[in-house]
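Student: Please find one structure pasted underneath; my questions will follow.
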Amino acid sequence: MTTEQLNASRENLNALVCHCVDTLVDEHPFRVVYALQTLAAVIQSMYKKLVKRLLCYQKRCRIRLGYQWRDLWTALINLLKFLTTHESHLIKKMNIFPLAIQVVNILNLFITYGDTFLSSPSSYDELFYEIIRMRLIFTNLNAMALRYSTSESYEYKEHALKLTNCLVNMRDIVNHFPPKIAAWLASESLSTPTEQQILAIIIQNYDSLTLKLQDNLDQYERYSEKSNHVAFFEDMVTGVVIDTRGSIDLSTLDTQAILQELSNIS
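Counting in the UniProt record's numbering, the final residue of the sequence shown is number 266, and the numbers go up one at a time with none missing.
Encoded structure:
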């Protein structure tokens, strides 16, 4: 896949995800529920069919693609923020933990193997910078996972527990670097560091950071012509048809004009 093809795929995915999120502002319950489910399906598809396969290929072949990965990291972390911010509503509609696990594991793939396929060492440093900059999101996500993993009444507690295990490297990163940064700021009598100053501290303190190797990060589900989401999309399309029929007054439609348009379609 070329950089141009990747950019085109990303733009298409972004457009669909944005459409799904925009739909959330509609108060119609049908549209809200299906926007959330479609958003989850889109991210899962992106994870399995594009990002995961691409990263595994890069990792195995040690191909360094010249791509602005920082945009992807920011988007993924913001998706985790969306899940934690709207937890009380989402948790009633769907099991959000598999989606969170998949997003976290994409980041884990970068953390664990990024130095072998990112375009430059500075890209790897920027990954850690973004995690540290948005560390509150990971703290909130970890707290949410812990809360549900210890709840006897929660149906998907095993998924919540799996998420806490996947977050081990994020916890280590956000616990390791901020004290180093704070100590440096105190020694320099500074209150607001620049990005370059923080990156320098990150580089100086890699050696004292211990990360855990996550199992099967570079494994992905083999392609199957019978998609796992076929049943989901069949139900969604059926719901769309029912919802549309219920919201349109057929008596006001000019059926003759519609039939004429259809007959002109080649």
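Glycine included, every Cβ here is placed at the ideal spot set by N, Cα and C.
Determine the contact status of PHE110 and HIS159, defining contact as a CB-CB distance below 8 angstroms.
Tutor: Going by C-beta atoms, PHE110 is not nearer than 8 angstroms to HIS159.
Student: Quick check on GLU126: does DSSP put it in helix, strand or coil?
Tutor: GLU126 falls in the helix class under three-state DSSP.
Student: Select from LEU107, SER251, GLY239, TYR148 the residue whose C-alpha is nearest the C-alpha of LEU76.
Tutor: Comparing Cα-Cα distances from LEU76 to each of LEU107, SER251, GLY239, TYR148, the minimum goes to LEU107.
Student: Excluding five sequence neighbours on each side, which residues of the same chain lie with their C-beta closer than 8 angstroms to the C-beta of ILE203?
Tutor: Excluding positions up to five away in sequence, the list reads ASP125.
Student: If you reduce the DSSP assignment to three classes, tell me which class GLN256 lands in.
Tutor: In this structure, GLN256 counts as helix in the three-state DSSP scheme.
Student: Between VAL104 and LEU167, which are expected to be in contact by the criterion C-beta below 8 angstroms, what is the C-beta distance as a whole number of angstroms?
Tutor: Yes, they are in contact, since the Cβ atoms of VAL104 and LEU167 sit about 6 angstroms apart, within 8 angstroms.
Student: Here's the rule I'm using: 16 or more other beta-carbon atoms within 10 Å means buried, otherwise exposed. How should ALA100 be labelled?
Tutor: The residue is buried, with at least 16 neighbouring Cβ atoms inside 10 Å.
Student: Counting only the same chain and skipping the five closest in sequence on each side, list residues whose C-beta sits under 7 angstroms from that of PRO193.
Tutor: For PRO193, where only same-chain residues beyond five positions count, the Cβ hits under 7 angstroms are ILE181, LEU185.
Student: Determine the burial state of residue 268: buried for a count of at least 16 other Cβ atoms within 10 Å of its Cβ, exposed for fewer.
Tutor: Nothing can be reported for residue 268: it is not among the residues displayed for the chain, which extend from 1 to 266.
Student: The alpha helix (DSSP H) with LEU136 in it runs from where to where?
Tutor: First-last of the alpha helix (DSSP H) with LEU136: 135–149.
Student: Look at the alpha carbon of THR210 and the alpha carbon of MET170, and state the distance between them as a whole number of angstroms.
Tutor: Those two C-alpha atoms are separated by around 11 angstroms.
Student: Give the single residue among LYS157, MET134, SER119 whose Cα lies nearest to the Cα of ALA145.
Tutor: Comparing Cα-Cα distances from ALA145 to each of LYS157, MET134, SER119, the minimum goes to LYS157.
Student: Below 7 angstroms CB to CB, which residues in the same chain sit around THR84 once its five sequence neighbours on both sides are set aside?
Tutor: Excluding sequence neighbours, THR84 sits near ILE137, ASN140, LEU141, MET144.
Student: Please name the residue, chosen from ILE173, LEU163, SER149, HIS89, that lies closest to THR112 on a Cα-to-Cα basis.
Tutor: Answer by Cα proximity: ILE173.
Student: Of all the options PRO179, MET94, ILE198, which has the alpha carbon lying nearest to the alpha carbon of GLU155?
Tutor: When only C-alpha atoms are compared, the closest one is MET94.
Student: Please classify GLN68: does DSSP put it in a helix, a strand, or coil?
Tutor: Here GLN68 sits in coil by DSSP.
Student: Where does MET170 fall in DSSP's three states?
Tutor: It is helical.
Student: With ASP115 as the anchor, note down where its alpha helix (DSSP H) starts and where it stops.
Tutor: Segment 97–117, the alpha helix (DSSP H) holding ASP115.
Student: Figure out for me which residue from ARG70, ILE132, PHE82 has the closest Cα to the Cα of ASP179.
Tutor: Strictly speaking, residue 179 in this sequence is Pro, with Asp absent from that position. If we check each option's Cα against that of PRO179, ILE132 comes out closest.
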